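Student:
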Amino acid sequence: MPFIGTLGLVLVTLFSHWRRHPVQGLAWLSGLLLATALWSGVQALNAQARDSYDRAASLFDGAALPSLVAREGSLLAQTDYSALRRQGWPVSPVLEGRLEFPRTEADPLRLTLVGIDPLTLPAEATAGQAVDGTGSDLIAFLTNPGRTLVSPDSLRALQASPGDRISTTDEQMLPPLAVNASIPPGSLLVDIGFAQRLLSREGQVNRLLIPDDPSWLDRPLPANVAERLRWQAGQSEEDLGRLTDSFHLNLTALGLLAFVVGLFIVHGSTGLAFEQRRGLLRTLRACGVSQRTVLVGLLTELLLLALVAGLLGLCLGYLVAGWLLPDVAASLQGLYGARVSDQLHLDPQWWLTGLGMALGGALLASLSSLWQAARMPVLALARSEAWGQRQSGQLRLQTRVGLVLLAGAVLILTTGSGLVLAFAGLAALLLGAALCLPMVLSLCLRLGQRFARGPLSEWFWAETRQQLSGLSLALMALLLALAANVGVGGMVDSFRLTFTGWLDQRLAAEAYLNADSPQQAERIDNWLQQQPDVDAVLPTVQATVRYGDWPLEINGIRPHATYEDYWPVLQLRPGAWFNLAAGQGALVSEQWVRTHGSGPGDEVTLTGDRAWTLTIEGVYADYGNPRPQMLVSGSALSDWYTGTPRQGFSLRLPPEKASDLVAKARDELSLSDFAAIDQASVRGFSEQVFERTFVATGALNTLTLAVAAIALFTSLLTLSHSRLPQLAPLWAQGVTRRHLAWLEGARTLGLALLTVLLAIPLGLLLAWVLVAVINVEAFGWRLPLYFFPLQWLTLAGLALISALLATAWPAWRLGRQSAGRWVRVFATEGGH
Amino acid sequence: MRLLLISLALILAACSDPTPGGDDAVTQGFAGLGGDADEFAQVDPSQPLQFPEDHAAHPEYRIEWWYATANLQDQQGRRYGIQWTLFRQALEPEAQLGDWQDGQVWMAHVGLTTAEDHWQGERFGRSGGGQAGVVTEPFYQAWLDDWSLKEVRAPGSERSPSALDPLSHLRLQADTDDFAYDLVLQTDQSLVLHGDDGFSRKSERGQASWYYSQPFYQVNGRLTLPDGEQVTVRGDGWLDREWSSQPLAPEQQGWDWFSLQLDSGERVMLFRLREDDDDESFRAGTWISVAGEATPLTPQQIDMTPTETTEVAGRTVPVGWRLRLPDFGLDIDTHPLNPQSWMDTSIPYWEGPVEFSGSHTGRGYLEMTGY
Amino acid sequence: MLTVDQVSKQFTTPQGPLPVLYQVSLDLAAGQSLALTGESGSGKSTLLHLIAGLDQVDQGRICIGEHDITAQDESGRAALRRQTVGLVFQQFNLIPSLTVAANLAFQARLAGRFDAAELARLAQRLGLTEVMERYPEQLSGGQQQRVAIGRVLAAKPALVLADEPTGNLDEATGDAVLDLFLEGVKATGSALLMVTHSPRLAARLDRCQHLHMGRLEPL
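Protein chains in written order, with my numbering: chain L, 1 to 832; chain Y, 833 to 1203; chain B, 1204 to 1422.
#1: Quick one: what does DSSP say V10 of chain L is sitting in, helix, strand or coil?
#2: Where L284 of chain L and V735 of chain L are concerned, what is the direct C-alpha to C-alpha distance, given to the nearest angstrom?
#3: In the DSSP assignment, what are the bridge partners of V937 of chain Y?
#4: With 9 Å as the threshold, decide whether the Cβ of V1227 of chain B is near any Cβ in chain L.
#5: How about T1201 of chain Y and W1070 of chain Y: do their beta carbons lie closer than 9 Å?
#6: Have a look at G8 of chain L and V294 of chain L and give me their C-alpha separation to the nearest angstrom.
#7: Curious, which full-length alpha helix (DSSP H) runs of at least 4 residues does the segment 478-529 of chain L contain?
#8: Rounding to the nearest angstrom, what Cα-Cα distance links E100 of chain L and L177 of chain L in this structure?
#9: Would Y81 of chain L pass as an interface residue toward chain Y - the criterion being a Cβ-Cβ separation below 9 Å?
#10: Terminal residues of the continuous beta strand (DSSP E) containing C1411 of chain B?
#11: Closer than 8 Å by beta-carbon distance: list the chain B residues that pair up with S835 of chain L, in chain order.
#12: Return yes when the Cβ of Y899 of chain Y is within less than 9 Å of the Cβ of R1073 of chain Y, no when it is not.
#13: Buried or exposed for T36 of chain L, going by 16 or more other Cβ atoms inside 10 Å?
#14: Could you pull the DSSP bridge partners for D1183 of chain Y from this structure?
#15: Given that A286 of chain L touches chain B, what residues does it touch there, using C-beta distances under 9 Å?
#16: Just to confirm before moving on: does the CB-CB distance between L1155 of chain Y and T1137 of chain Y stay below 9 Å?
#17: Could you compute how far the alpha carbon of Y1049 of chain Y sits from the alpha carbon of D218 of chain L?
#18: In this structure, what does DSSP give as the bridge partners for N555 of chain L?
#19: Cβ of R20 of chain L less than 9 Å from any chain B Cβ?
#20: Going by C-alpha distance, which of Y:A947, Y:G943, Y:G962 is nearest T120 of chain L?
#21: Taking the DSSP output, what are the residues bridged to S1076 of chain Y?
#22: Does any residue of chain B have a CB that is nearer than 9 Å to the CB of R282 of chain L?
#23: Quick one: give me the first and last residue of the beta strand (DSSP E) that P1339 of chain B is part of.
#24: Determine whether the Cβ of F1384 of chain B lies closer than 9 Å to any Cβ atom of chain L.
#25: To be precise: take each residue of the segment 1147-1158 of chain Y, compare its Cβ to all Cβ atoms of chain L, and keep it if any distance is under 7 Å. Which residues remain?
#26: In three-state terms, what does DSSP make of I1134 of chain Y?
#27: Taking beta-carbon pairs under 9 Å, can you tell me which members of the segment 405-418 of chain L lie near chain Y?
#28: Residue range of the alpha helix (DSSP H) that R197 of chain L falls in?
#29: Name the chain L residues that come within less than 8 Å of D906 of chain Y, Cβ to Cβ?
#30: For S40 of chain L, does the three-state DSSP call read helix, strand or coil?
#31: Tell me the residue span of the alpha helix (DSSP H) that contains K664 of chain L.
#32: Under a CB-based cut-off of 9 Å, is Q860 of chain Y close to chain L?
#33: Rounded to the nearest angstrom, what separates R985 of chain Y and I914 of chain Y at their Cα positions?
#34: Please name the residue, chosen from Y:H1026, Y:D906, Y:E1143, that lies closest to W1075 of chain Y on a Cα-to-Cα basis.
#35: Tell me the residue span of the alpha helix (DSSP H) that contains L839 of chain L.
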């Protein structure tokens, strides 16, 4: 008989097992399905965000490259562009500006209008291909009425269709819309001529791009433009990837955790199926199927199942990602200002990787079973007595590995540095703890056994210990999921407490006004002098420069008691505020210390047209801001900075008058909602950003817990099948079936309770690692850790309820099974 | 970006396929120059040319060019040919010049040919940002980036209406990654109007353009060769100005065009517009006496016969010709300085220096399109 | 048909090597039946396993027909089992997830000798027609062993090896099953080697040999 025919028969026989045990098969499939879904969902979110950054960064690929900008102000004359072109400089003009579109009255849709000249655009810029690839011809883009290229998600946000002409809030009409997927979300691409018209910047541009050719950077600028133009280091779109890396790593770690929990289910069901099919495999061998064919059959079966589960999991993952995307997009925008498209589109690579993960995961989870099948002798017909012995050996090995992992975790977390290493430490901690769980539970049970009185009670404890191995994987999954919930929940709530306190300090002033231009700043200043309600005006200036490889926000203030009273300092040198006022000292944010490694007492030299050396006088907390920040004297900053810093005013006034003043300022100075804002609104906005940041985290956590519950449920369900032979003798000796069912339920609940009790300290350890190690590595700030016993109780309750649900059905079934089935145990004894 | 260039080339080609044998090329002529152009301004012989006004751009016409070529020689006797071309193309009828949405696109080609090599450059631009354009005041200049053709005038001197034409003393500059040149073109002779006072017919069916030349330049200047060597050169130059909205008939696939500078002092311009399936292509030309008097040539007076072909860029191109103007006693054979003078630009064509012998000797430039 | 030539076998145990068979030789002609008796631990099951190719000899040779199974590798021995040998154990070793019909047909399909009509006749002879669509766990012990026997006979092996085929059955059922078994083997024309500790059952076969402490002794 040809090999394939034999294999086919073997496969049919193997699959007949699942037909007879559909719940077990379902458990296997759902384990891998959920694992794949959560993992690939998270990956989809990451891919989506990265795609958005990439699109933003590559619209002018050059964004990371230097461009020429005006020395004064943000605009330069178009004549400087032609002057450079006529001297052979391959520059290309860009004009950018914000446009508002009517959505709701209070909250217009703000989009960035980008004007380009496709004919001179450097070859690297995707914008050129976008113009090209729209199918719309270049002619239409260049000539009236023009084209507005827009990403599919912005098109939806505008509630428009291709070809529509939409109007801004001040009733300017855009060229007809055309869709192109390579346009970053939130941007509109038009020809520079239209941009000048729409932004009322005739004859002006923001910057001049130059192709990716370093030789131009070394060339001196022509004399007739040199005094007006300066090189600007590449814009920080690329930084976005770097800044958001930690956020995505967090998501990835959570996704991986969910994946591992799912694999526990797969491992459990595969192991069980193998045990149940041991006889079947022997019979196959005895009937003359070679070992190779059996193994190939098992492997094929595994891959086919994994393929089905993987594909379904990917579909579910897509749904999960689609569901979480709006929150992730919102938190990325709130935290990092990163625009992420809220429409999911995925490339084939995502599907392939997801499927690969599913297959690889299934293989990994089934490795031990396959290994056993490969080494299984045809004979050894009655070895099952050694089962218990082998098991205890396995348990010892598992515990040893767990202890090694725990030791490794301690070593990594105390001595290592770097986010990836920190996560590795975290993984070792969790996995180590999970591997040690059965031994710890076993010890607890032995303790219980010692205090057992009466035969039934003794039997109960002994039986529970024996059952541990069957349940241990599910319990490990529960432990991981619970610990993750306790840990992440603890971190989020600690963060919330700290953050709110910090907001109180940081937002000491009652209202804030921001100016677009020096002229507006002067107008605001004059206006403020006529406001009797304002007790104090604290002018601020702000500039973003680069220090080292990082963007640096510099805040300039006029020293005032408010800062000394409220600024959230963590460390301060004597005389700090005095030195700061003198323009010789600076306070830096915690992130600065992490990023640049210097702290109080160290000197920092800011380069630029003129070097500026400052002594670091102190450190303050700056939660929620991934960029390093510095606080200096405002007047000194204005002197040093060559561009035009942004100017703003923090106002002290009676809190109840703040919102009226802000309304008046918006009205009389025609300031936008963001340019004039009171403390309460800033606080509300910040807290909203905060909440949304952790929505995705929370949702993933809950899903992981759900997966663990399913793991528990399926393990119990499969175990209950093999419980009859153990229980029937007791029944024969006069224990009622209902009583036995209760005992069965109590056993599982007891084990779950023990696991929950162990999960809480593990979760706290996890919270500590998150707050004191991961957060510092990821965001650069450290948080105090608070305890939330109520949260633990809720979680423990939830876990027990899921355990109860998981127990109830198998126990109920056990109690309800016909007496005939119980009798059969004796009739067919030995036949198993 | 390459895509963009190609699409721009397609614009310039309006919807034609410049490859030989392409259906569009058959129906639309080379670079779309045979396409329908009813909405653009039409060449009208009743409105005579006026200078210097007509040296400026004519944005209401679909296509226009400034075309300078020169045969040069360095002190060692090595020969060079240079080309400098500025094209203006209107994307829509009634286009004006000056702002970003003026509906005009500019394209420039430069070339340098030696006996062994041929280099070229191509750029695109718009007049909106001041990147490209043509102005007559305060002095004449046509440019795209730093590739320019500028009137040379003594500092402080004004150009009086009676003074010489602004094109009589020009500086021609271009700089590419491969080569550069900086040349002065000078003459004391008048412009030459082709056809009927500049009204140049391009087919029997009425297609025509405005066409005039300055064929008498003496050229001095400097070339920078790709290896960085700078050489001082001198020679003869020729400037063509032409604009139209439909210079080709739809079935005309391309042209073969000669500018000849005879050692005896005369100048000759000849061209043939090739039609598919028709050996008797439309021919025209101008015989220019030593004094600059132009005599239009009728098709029957001209005999142009390819004598030698070569493979260039996968196409068969006739690079050797026998040219006969029996009425003027001209019977010459032309040979290219470099048969591989292929302009591999977004719309490719052959353009290079030639020399000739026979009844007359001299040098010239040959342009062949639509192969 | 079957030649066992000077076969020795020992097992490795924590207490050192444990010899089980010493230079055992026996012959079995085609169509003949031979009973192998002996008390527990005499090595009779080991000998059966060696003949079935489930285990390997230390010394000696075992030939089934033309094939020297001691010279074959694992897949060669598996092929021999598939084509030539049929095994009946004390434990019925049915495939729990397949129906009686599928179990019956299993080995015949593996051997490529599946014939539905013949299988139906066999099922009828074994009294299984009523239970063809049931699963093994729904059958009595006697029924299960009849399925196991049917599975072997349907494949028409040249050699049937049986290890206490009625050991799990009560005497009456066992006798009835054995009748069916011997009848079936005879009808198929297979040679039969049956291991049993019961002289009563052994007497029903053509020949009988006794294994004692790993050596064959004539009865």
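Even for Gly, the Cβ is constructed at its ideal location relative to N, Cα and C. For clarity, every value in this text was computed on a predicted model and none was experimentally measured.
Tutor: According to the structure data:
#1: If you number the first sequence from 1, residue 10 of chain L lands on position 10. In the structure shown, V10 of chain L sits in a helix (DSSP, three-state: H, G or I).
#2: Residue 284 of chain L sits at position 284 when you count from the first residue of the first sequence. Residue 735 of chain L sits at position 735 when you count from the first residue of the first sequence. Distance between the alpha carbons of L284 of chain L and V735 of chain L is about 39 Å.
#3: Within the second sequence, numbered from 1, the residue matching residue 937 of chain Y stands at position 105. DSSP output for V937 of chain Y lists Y:Q921 as bridge partner(s).
#4: Position 24 of the third sequence, counting from 1, holds the residue named residue 1227 of chain B. For V1227 of chain B, the answer is no, since every Cβ of chain L falls outside 9 Å of its Cβ.
#5: As a working note, residue 1201 of chain Y is residue 369 in the second sequence. As a working note, residue 1070 of chain Y is residue 238 in the second sequence. No, they are not a contact pair.
#6: Position 8 of the first sequence holds residue 8 of chain L. Position 294 of the first sequence holds residue 294 of chain L. Rounded to whole angstroms, the separation of the alpha carbons of V294 of chain L and G8 of chain L is 11 Å.
#7: Complete alpha helix (DSSP H) runs here, min 4: 518-529.
#8: Walking along the first sequence from the start, residue 100 of chain L turns up at place 100. Walking along the first sequence from the start, residue 177 of chain L turns up at place 177. Those two C-alpha atoms are separated by around 16 Å.
#9: Along the first sequence, read from residue 1 onward, the residue named residue 81 of chain L stands at position 81. Output row for Y81 of chain L: interface = yes.
#10: Position 208 of the third sequence, counted from the first residue, corresponds to residue 1411 of chain B. Boundaries of the beta strand (DSSP E) harbouring C1411 of chain B: 1410-1415, taken from the DSSP string.
#11: Lying outside 1 to 832, the shown extent of chain L, residue 835 of chain L is not represented and no answer is given.
#12: For this step, residue 1073 of chain Y is matched to residue 241 along the second sequence. For this step, residue 899 of chain Y is matched to residue 67 along the second sequence. Contact flag set, yes.
#13: Working through the first sequence from its first residue, we reach residue 36 of chain L at position 36. Buried is the call here.
#14: Locating residue 1183 of chain Y in the second sequence gives position 351, where the first residue counts as 1. Contrary to the premise, residue 1183 of chain Y reads as Glu rather than Asp in this sequence. Note: E1183 of chain Y sits in a beta bridge opposite Y:E1199.
#15: Sequence index remark: in the first sequence, residue 286 of chain L carries index 286 (1-based). Correct list: A1255, L1257, R1284, L1290, F1292, N1296.
#16: In the second sequence, counting from the first residue as 1, residue 1155 of chain Y sits at position 323. In the second sequence, counting from the first residue as 1, residue 1137 of chain Y sits at position 305. Yes. Within cutoff.
#17: Sequence index remark: in the second sequence, residue 1049 of chain Y carries index 217 (1-based). Sequence index remark: in the first sequence, residue 218 of chain L carries index 218 (1-based). Approximately 39 Å, taken between the alpha carbons.
#18: By 1-based counting over the first sequence, the position of residue 555 of chain L is 555. In the DSSP output, where bridge partners are listed per residue, N555 of chain L has L:Q542, L:L631.
#19: In the first sequence, the residue the question calls residue 20 of chain L occupies position 20. Yes, because at least one Cβ of chain B sits closer than 9 Å to the Cβ of R20 of chain L.
#20: Translated into the one-based positions of the first sequence, residue 120 of chain L becomes position 120. Ranking Y:A947, Y:G943, Y:G962 by Cα distance to T120 of chain L puts Y:G962 first.
#21: Here the question's residue 1076 of chain Y lines up with position 244 in the second sequence. Per DSSP, Y:I895.
#22: Here residue 282 of chain L refers to the residue found at position 282 when the first sequence is read from its first residue. It does; some Cβ of chain B falls within 9 Å.
#23: What you label residue 1339 of chain B is simply residue 136 of the third sequence in a count that begins at 1. Unbroken run through P1339 of chain B: none, as it is neither H nor E.
#24: Your numbering for residue 1384 of chain B matches position 181 in the third sequence. Cβ-Cβ to chain L under 9 Å: no for F1384 of chain B.
#25: none
#26: As a working mapping, residue 1134 of chain Y is identified with position 302 in the second sequence. In the structure shown, I1134 of chain Y sits in coil (DSSP, three-state: anything other than H, G, I, E or B).
#27: none
#28: Residue 197 of chain L sits at position 197 when you count from the first residue of the first sequence. Unbroken alpha helix (DSSP H) run through R197 of chain L: 192-198.
#29: Taking the first residue of the second sequence as position 1, residue 906 of chain Y is located at position 74. The contacting residues do not exist; D906 of chain Y stays about 24 Å from chain L at best.
#30: Counted from its first residue, the first sequence places residue 40 of chain L at position 40. S40 of chain L: helix per DSSP, three-state reduction.
#31: Numbered from 1 along the first sequence, position 664 holds the residue referred to as residue 664 of chain L. From DSSP, the alpha helix (DSSP H) with K664 of chain L extends over 658-668.
#32: Translated into positions along the second sequence, residue 860 of chain Y becomes position 28. At Q860 of chain Y the pLDDT is 45, less than 50, meaning the model places this residue with poor confidence; the figure from the coordinates comes in the next sentence. Judged by the 9 Å Cβ criterion, Q860 of chain Y is not in contact with chain L.
#33: One-based indexing of the second sequence puts residue 985 of chain Y at position 153. One-based indexing of the second sequence puts residue 914 of chain Y at position 82. Taking the straight line joining both Cα atoms gives about 23 Å.
#34: Translated into the one-based positions of the second sequence, residue 1075 of chain Y becomes position 243. Of Y:H1026, Y:D906, Y:E1143, the residue nearest in Cα terms is Y:H1026.
#35: Any property of residue 839 of chain L remains undetermined from this structure, which presents chain L solely from 1 to 832.
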